[in-house]
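Numbering (the working numbering), first residue to last: 18 to 265.
Laid out in structure tokens, this is it:
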């Protein structure tokens, strides 16, 4: 989708198109071929619905409201990843690997899943909030996310380390946008800035495993193996399935 080194499908030569042009052409090619609304087959091709479940374990200072919000975000993000796999499998969109994660988080940030089940319960010495949601994801959501990424990246140009030492966090918290910025910094090879940004966020949200997951990615790209393993262990301890899998 974010075709920063876009190639033509037939020859493999560079297309010469900038990312916005590629995305807009892709959108036109796909959406212009969709028949009028009311054609169920056409709707199914670009609109998907998923039921997903996710949890968040409350840490010191966490409220149940925040835990529920983060659990809903995680469940919605699962749906967005499933939609991304589907659309990419049908060759409706094409991702660059690192851009995929940023765009998934921006799409998840913009969606409002329908809450189907919500409960918080005690497990040992912790409280775990679990939700089940239904999320509708459209192909156009990824196009909107790409345009948002370009706009946000442009707004962030010129930021220095002082900005990341005191990161601006929207209130109420928008986890998708916050995490997407970390992926953007990594994509731009601003690895030190990404790590500082994630560390400052972890000071505020120490039980949010996604922060340590992404930090491990940045540290790995810096060949800081010991610190990368430390970040993975912390993420795994907090419940990250990907971090635990990498440590096996």
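Every residue gets a Cβ at the ideal spot worked out from N, C-alpha and C, and that includes glycine.
First and last residue of the uninterrupted beta strand (DSSP E) at residue i
{"i": "residue 73", "result": "64-74"}
8 Å contact criterion, which residue i and residue j should meet: CB distance rounded
{"i": "residue 130", "j": "residue 88", "result": "Rounded, the Cβ-Cβ distance is 10 Å, inconsistent with contact."}
{"i": "residue 120", "j": "residue 68", "result": "In fact, because the Cβ distance is near 22 Å, the residues do not count as touching under 8 Å."}
{"i": "residue 151", "j": "residue 66", "result": "6 Å"}
{"i": "residue 215", "j": "residue 199", "result": "6 Å"}
{"i": "residue 117", "j": "residue 101", "result": "7 Å"}
{"i": "residue 148", "j": "residue 71", "result": "6 Å"}
{"i": "residue 83", "j": "residue 190", "result": "7 Å"}
Bounding residues of the alpha helix (DSSP H) (the contiguous stretch that carries residue i)
{"i": "residue 204", "result": "192-204"}
{"i": "residue 113", "result": "Note, residue 113: premise wrong, no alpha helix (DSSP H); not H, not E."}
{"i": "residue 227", "result": "226-238"}
{"i": "residue 214", "result": "208-221"}
{"i": "residue 265", "result": "Run containing residue 265: none; DSSP gives neither H nor E here."}
{"i": "residue 250", "result": "242-254"}
As assigned by DSSP and simplified to three states, the class of residue i
{"i": "residue 135", "result": "strand"}
{"i": "residue 259", "result": "helix"}
{"i": "residue 155", "result": "strand"}
{"i": "residue 86", "result": "helix"}
{"i": "residue 143", "result": "strand"}
{"i": "residue 149", "result": "strand"}
{"i": "residue 129", "result": "coil"}
{"i": "residue 79", "result": "coil"}
{"i": "residue 170", "result": "helix"}
{"i": "residue 106", "result": "helix"}
{"i": "residue 98", "result": "helix"}
{"i": "residue 93", "result": "helix"}
is_contact[residue i, chain B] using C-beta, thresh 7 Å
{"i": "residue 116", "result": "Among the chains in the structure shown there is no chain B, since it carries only a single protein chain."}
Cutoff 7 Å; reference residue i; Cβ partners in own chain excluding five residues on either side
{"i": "residue 245", "result": "233, 236 and 237"}
{"i": "residue 165", "result": "123"}
{"i": "residue 174", "result": "none"}
{"i": "residue 103", "result": "65"}
{"i": "residue 259", "result": "230"}
{"i": "residue 27", "result": "The predicted model places residue 27 with a pLDDT of 30, which falls under 50 and marks its position as unreliable; any figure quoted below should be read in that light. Here the set comprises nothing."}
{"i": "residue 251", "result": "229"}
Neighbourhood of residue i by C-beta distance below 6 Å, restricted to the same chain and skipping five residues each side
{"i": "residue 257", "result": "226 and 230"}
{"i": "residue 203", "result": "211 and 235"}
8 Å CB neighbourhood of residue i in its chain, flanking five on each side removed
{"i": "residue 273", "result": "Residue 273 cannot be examined here, being either before or after the span of the chain that is shown, 18 to 265."}
{"i": "residue 193", "result": "90, 94, 122, 123, 124, 125, 126 and 127"}
{"i": "residue 64", "result": "153, 154, 155 and 156"}
ask   = Should the stretch 155-166 be called in touch with the stretch 97-109, which here means at least 3 C-beta pairs below 8 Å?
value = yes
message = Tell me whether the stretch 200-214 and the stretch 133-149 touch, counting them as touching only if at least three CB pairs, one residue from each stretch, are closer than 8 Å.
response = The stretch 200-214, when compared against the stretch 133-149, does not touch it at the 8 Å Cβ threshold.
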